[in-house]
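Undergrad: To get this note's numbering, take the position in the sequence shown, counting from 1, and add 132. Positions of the beta carbon are idealized from the N, C-alpha and C atoms, including for glycine. Please see the structure below; I have some questions.
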Amino acid sequence: MSFVIQLSDGRVIIPGDGSPWTEHEAQEFLAELRRQAENDDGGDDLIDVFDFVIEDYSRALSDASIIHDPRH
């Protein structure tokens, strides 16, 4: 099964190369995004995922969840 990260606003985060994530891989990536969001300088993954700087990454990721990939 393939999984994605769904943000509270409904947007989903998928792997950049389009390959499927296992549930564990999606959880690990979400954990890394949250860790980077806690740092003052953000992080490369945050910029790659959101493609722009937002005011509060932590809030954007706080209610994110792992769901089955709706594309499959």
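To the nearest angstrom, how far is the alpha carbon of S197 from that of L162?
TA: On the sequence shown, residue 197 is found 65 positions in, with the first residue counted as 1. On the sequence shown, residue 162 is found 30 positions in, with the first residue counted as 1. Distance between the alpha carbons of S197 and L162 is about 9 Å.
Undergrad: Hey, D201 and V136 are a contact pair by Cβ (cut 8 Å); roughly how many whole angstroms apart?
TA: As a first step, residue 201 must be located in the sequence shown, where it is residue number 69. As a first step, residue 136 must be located in the sequence shown, where it is residue number 4. Right, their Cβ atoms sit about 5 Å apart.
Undergrad: Could you name the residues of the same chain whose beta carbon sits closer than 8 Å to that of S190, not counting the 5 residues immediately before and after it, in chain order?
TA: Within the sequence shown, the letter at position 58 stands for residue 190. Result list for S190: R166, A169 and E170, in chain order.
Undergrad: Within 10 Å of its beta-carbon, does I199 have 16 or more other beta-carbons around it, so buried, or fewer, so exposed?
TA: Position 67 of the sequence shown, counting from 1, holds the residue named residue 199. It is exposed - the Cβ of I199 has fewer than 16 other Cβ atoms within 10 Å.
Undergrad: Between the Cα of L193 and the Cα atoms of S134, G142 and M133, which residue gives the shortest distance?
TA: Walking along the sequence shown from the start, residue 193 turns up at place 61. L193 has its Cα closest to that of G142, out of S134, G142 and M133.
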